[in-house]
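Residue numbers (the working numbering): 3 to 433.
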Ligand SMILES: NC(=O)c1ccc[n+]([C@@H]2O[C@H](COP(=O)([O-])OP(=O)(O)OC[C@H]3O[C@@H](n4cnc5c(N)ncnc54)[C@H](OP(=O)(O)O)[C@@H]3O)[C@@H](O)[C@H]2O)c1
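See the structure below:
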């Protein structure tokens, strides 16, 4: 049986998972794929700490160059995370003629273009199934299963930490701070969860999905990103009253000849499939023209789910190597009907608005006057119970409105003397 040698850089959580799977499923994999996958070397900064897997010390090295420069290694599996030196290691390895597997969405979002170009020039492949949704096979689904489709939109709940926090707030009425504390206690949030909570991790994954679905490389600076740290328990409760759930969505959406690429908290109707995705689970909802609306659901993180996806990439590469094939990293065919990215000002959405106003005659009329001036039409208004000092939350749902008009109207409303807190606006999707 043909042997294919791999080297792994990064022997942490996912690296250990990959080694476990390759050891424990060795014969099953060889039977299925007709190739023996051999781990030739593993690199990590720390090669003394005992890992949760048995591995001969001779297989370990602190020097990535021992893997990159080894002519017998065909595939390099980068599981160290971060941008540099992961980027340099992959570029060097491509130059040495090796194929790559990575789970590193941050690297793909920041340097994907450079890495894929280098891979194409060298006739090598980069696989990255674990980079979005961990074990959910969404990359292959878009690249292969849905290859003939065009996508009107892709909606993703792709960050388990923020989904857990929003779920807790919705389930037990927790404040944002309490929900974050619970997430940390359970190991679902980093000590500093900013990256997850403020939508940056979701944006990285969205860039990867946009790349696959639309053949378009979007820069991080061009993704509109708003996190969930400003979501209050009352917004969650009003959402429930109105028949919605709040989710942090990563959205790529084609509108005419433009593409919107955005991450933000979103009101989703309770009946929408994505609204039922709770806790740390992830899901990607793709609207395609041939296959229809599809949802891919599963654990979006964790050692075995991510390692399962990494192993599937390794297996794919072994098959290509065995067949002497080069399959380009992605179908780099751009959707040529897309002329550019839509600017945030031009986004059109329905909105939930919460206005905290003094409860006295005439205030609502002033607010309606401003909304009317900016062409904003209201689908529903609810005036909630009085709070301290005769202040009431007024909750409105708008019809479709341009973002710039909504922002301008809220800015004017915020200036009214009877308004006691900055207005809150959350976009509504899925209706
Ligand atoms: N965890 C998940 O559920 C999950 C899911 C999907 C994708 N991913 C992605 O998978 C990758 C790995 O994640 P992980 O959770 O396994 O991280 P991890 O546990 O921190 O493992 C990374 C390992 O790489 C080592 N390392 C860092 N820089 C290195 C270098 N220059 N040379 C050699 N070794 C180096 C780290 O050592 P030190 O600890 O000493 O720095 C650590 O042992 C990341 O890109 C992540 O985004 C993770």
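By construction, the Cβ of each residue, glycine as well, lies at the ideal position given by its N, Cα and C atoms.
Beta-carbon proximity check, residue i vs residue j, cutoff 8 Å
i	j	result
residue 138	residue 15	no
residue 413	residue 397	no
residue 226	residue 346	yes
residue 55	residue 21	yes
residue 267	residue 428	yes
residue 400	residue 352	yes
residue 42	residue 8	yes
residue 159	residue 214	no
residue 208	residue 263	yes
residue 164	residue 170	no
residue 357	residue 369	yes
residue 424	residue 393	no
DSSP state of residue i mapped onto helix, strand, coil
i	result
residue 307	helix
residue 300	strand
residue 274	coil
residue 385	strand
residue 7	strand
residue 70	helix
residue 44	strand
residue 379	coil
residue 124	helix
residue 171	helix
residue 295	strand
residue 197	helix
Closer than 7 Å: residue i CB and nearest ligand 1 heavy atom
i	result
residue 83	yes
residue 315	no
residue 459	Because the chain spans 3 through 433 in this model, residue 459 falls outside it and cannot be assessed.
residue 136	yes
residue 156	no
residue 105	yes
residue 139	no
residue 189	no
residue 14	yes
residue 11	yes
residue 133	yes
residue 304	yes
residue 48	yes
residue 432	no
residue 195	no
Cβ-heavy atom distance, residue i to ligand 2, below 7 Å
i	result
residue 45	Among the ligands present in this structure, namely ligand 1, ligand 2 is not found.
Whole-angstrom C-beta distance between residue j and residue i, which should lie under 8 Å
i	j	result
residue 62	residue 39	Contact doesn't hold; Cβ gap of about 18 Å is too wide.
residue 259	residue 248	Not confirmed; about 31 Å, so no contact.
residue 276	residue 216	That belief does not hold up - the Cβ atoms of residue 276 and residue 216 are roughly 20 Å apart, past 8 Å.
residue 64	residue 47	6 Å
residue 288	residue 136	Not confirmed; about 17 Å, so no contact.
Cβ contact (3+ pairs, closer than 8 Å) linking the stretch 362-374 and the stretch 410-419: They touch, by the three-pair rule.
Touching by the beta-carbon criterion (3+ pairs, under 8 Å), the stretch 124-133 and the stretch 148-157: no
The stretch 68-84 contacting the stretch 102-120, beta-carbon criterion three pairs below 8 Å: yes
At least 3 beta-carbon pairs within less than 8 Å: the stretch 198-206 vs the stretch 316-331: no
The stretch 290-310 / the stretch 226-246 touching (three or more Cβ pairs under 8 Å): At 8 Å Cβ cutoff, the stretches do not touch.
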